[in-house]
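Engineer:
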Amino acid sequence: MVLFRFHLLFYLGVISFSFYSNASVVQDAKAFKSINLVAPDASIRASFMAFGATVTNLWVKDKKGEFRDIILGFDNHTLYQTQTDGHPYFGPVVGRYANRIRNGTFTIPISKDATGPNKFFVPRNENNLDSLHGGTDGFDQRIWETTKVSSNSVTFTLLDPDGMEGFPGTVITTVTYILESQATWKISMDAIATQKTPIMLSGHHYWNLEAYQESQDLVGHHAQFQSSKFIGTDGHLIPTGQLLDVQNTPLDFRKAKSIGASIPATTGEQFCGTGCVGFDNCWVFDEVDEKKAAFSMWSVNSGIKVSISTNQPALQVYTCNSIFNNTNPIPRKTTQGGAQNVYTDHSCVVIEAESIIDAINNPEFGADQIYGPGRPYKWESSYVFSNI
Ligand SMILES: *[C@@H]1O[C@H](CO)[C@@H](O)[C@H](O)[C@H]1NC(C)=O
Ligand SMILES: *[C@@H]1O[C@H](CO)[C@@H](O)[C@H](O)[C@H]1NC(C)=O
Ligand SMILES: *[C@@H]1O[C@H](CO)[C@@H](O)[C@H](O)[C@H]1NC(C)=O
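Going by mature numbering (1 follows the signal peptide of the UniProt record, and there is no 0), the letters in the sequence shown line up with residues -23 to -1, 1 to 365, in that order.
(1) Can you look up F133 in the DSSP assignment and give me helix, strand or coil?
(2) Quick one: is the Cβ of G63 within less than 8 Å of any heavy atom of ligand 3?
(3) Would Y348 and A168 be called neighbours here (beta carbons separated by less than 9 Å)?
(4) Locate the beta strand (DSSP E) running through E357, then write down its first and last residues.
(5) Alpha carbons only, please: which of E357, G143, A238 and Y320 is nearest the one belonging to W184?
(6) Buried or exposed: which applies to P65, given that a residue is buried once 16 or more other Cβ atoms fall within 10 Å of its Cβ?
(7) Under the criterion of a Cβ to heavy atom distance below 8 Å, does G343 qualify as lining ligand 2?
(8) Is the beta carbon of R77 sitting closer than 9 Å to the one on S127?
(9) Under a three-way DSSP split, which group does Y183 fall into?
(10) Can you tell me whether Q58 sits near ligand 4, meaning its C-beta is under 8 Å from at least one heavy atom of the ligand?
(11) Return yes when at least one heavy atom of ligand 2 lies under 8 Å from the C-beta of F301, else no.
(12) Below 8 Å, can you find three or more Cβ-Cβ pairs linking the region 264 to 281 to the region 200 to 219?
(13) Judging by CA-CA distance, which residue of S279, R352, D345 and N298 is the nearest neighbour of P290?
(14) Taking the straight line between their C-alpha atoms, what separation do you get for S11 and K269?
(15) With DSSP as the reference, label C249 as helix, strand or coil.
(16) Using C-beta distances below 6 Å, list every residue in its chain close to S130, excluding the 5 sequence neighbours before and after it, in chain order.
(17) On a CA-only basis, which of Y360, W162, G212 and F256 is nearest residue 366? Give me that one, please.
(18) Say whether the region 24 to 33 touches the region 68 to 75, bearing in mind that this needs 3 or more beta-carbon pairs closer than 8 Å, one atom from each stretch.
(19) Roughly how many angstroms separate the alpha carbons of G140 and S358, rounded to a whole number?
(20) What is the DSSP secondary structure of I347, counted as helix, strand or coil?
(21) D266: which of I48, N105 and W356 sits nearest, CA to CA?
(22) Starting from the C-beta of S179, find all residues in its chain whose C-beta is less than 6 Å away, skip the five residues before and the five after it, and write them out in chain order.
(23) Within the structure, which residues are defined as neighbours of ligand 2 by a Cβ-heavy atom distance below 5 Å, reported in chain order?
(24) Is it buried or exposed, N13, if we count other Cβ atoms within 10 angstroms and call 16 or more buried?
(25) Just verifying my parser: in three-state terms, what is the DSSP assignment at K163?
(26) Please list, in chain order, all residues of the same chain as L195 whose beta carbon is under 8 Å from its beta carbon, the five residues on each side excluded.
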């Protein structure tokens, strides 16, 4: 308890300046500036920015030893703030509560469909039906304080005030990105809260392990992970409270298979909602063991493989089912073919290690996502890149 108070005051002191002064143009410009890191053995390089605590570029070697930037984003960093129409959430930390909250309502203590006392209302920023990624002004749209930088690591801190977006209590989040030798990217996210509040963070990274060089789809992308259950969702991707079996469905990745080749079978609304084709699902890992890779994905074309280990119990996979909008297409980065090309549907994949989605409205999932004094939040994942 004493330790908790000390840390809280320390962080409040560190970031009080930027919080109380209005985000000026100068601060904005600084927030979009690249912070370039490299691992001690130069096996991995990446760029980050304080806006959204975002990863904007990440380079690893392909099977020929050439570096490729395998994370999607914008060359023009101000688009991370202005492209809110068809908002892709390219590379940030999403919070205070990632994914969806049914009707934007919940209670503390939690109850099924927010039927208890202490009810909270957060913005229904998706279809006026649910709250997505922390509401209208989620953690991805905030200017984080850069509290520590070295040649291979950066730490960002965010103070999310009591009542912001309707959530109770002040939350202070610290995110550290570290590039280590042997092409390893480590992420840790720690949060403390002054009152009981739901917290669910994730890293919202879009991958194309080919950097769009050999193909423009996901057929060459294969994945393997041990999950025999997934969260049942309705036509709007809101969890129904059911835990379903992957057996005999396109969601069975217990044996390695092509992601792209599995997409045509995902036409029912249980995969990515009504009228959608592709994956946008939350799988529950059969086992949580930070020391083992829980998820791996590779491209048979570039030979780049990523293996993810995490302390999180679940995984969201989204196959860019609706990233392409004909009237507002997103230009590709120079490192991925340039602005004469656009990001197209089913050409990329978002991988989010996280807790069980909307568990705050589904007590049957048994996931305690209420944090506060005496219960800090911790998210840790490690991404190891290799060649096949
Ligand atoms: C970046 O995008 C902004 C719109 O958000 C635009 O005003 C600006 O001109 C663009 N910068 C460049 C260099 O294209
Ligand atoms: C759904 O949200 C609306 C708007 O915040 C609120 O008025 C309504 O009471 C909520 N319904 C339920 C069932 O919680
Ligand atoms: C596509 O972009 C236009 C213009 O920004 C926007 O009005 C429209 O809602 C978008 N369509 C979808 C399906 O998101």
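Idealized CB from N, CA, C, for every residue including glycine.
Structural biologist: On the basis of the supplied data:
(1) strand
(2) yes
(3) yes
(4) Y354 to N364
(5) Y320
(6) buried
(7) no
(8) no
(9) strand
(10) Ligands displayed in this structure: ligand 1, ligand 2 and ligand 3; ligand 4 is not among them.
(11) no
(12) yes
(13) D345
(14) 32 Å
(15) helix
(16) I155
(17) Outside the shown range of the chain, which is -23 to 365, sits residue 366, and nothing can be said about it.
(18) yes
(19) 29 Å
(20) strand
(21) W356
(22) V71, A75, E329 and E331
(23) N80, T82, A91 and F98
(24) exposed
(25) strand
(26) S235, I236, G237, I240, T296, H323, S324, C325 and V326
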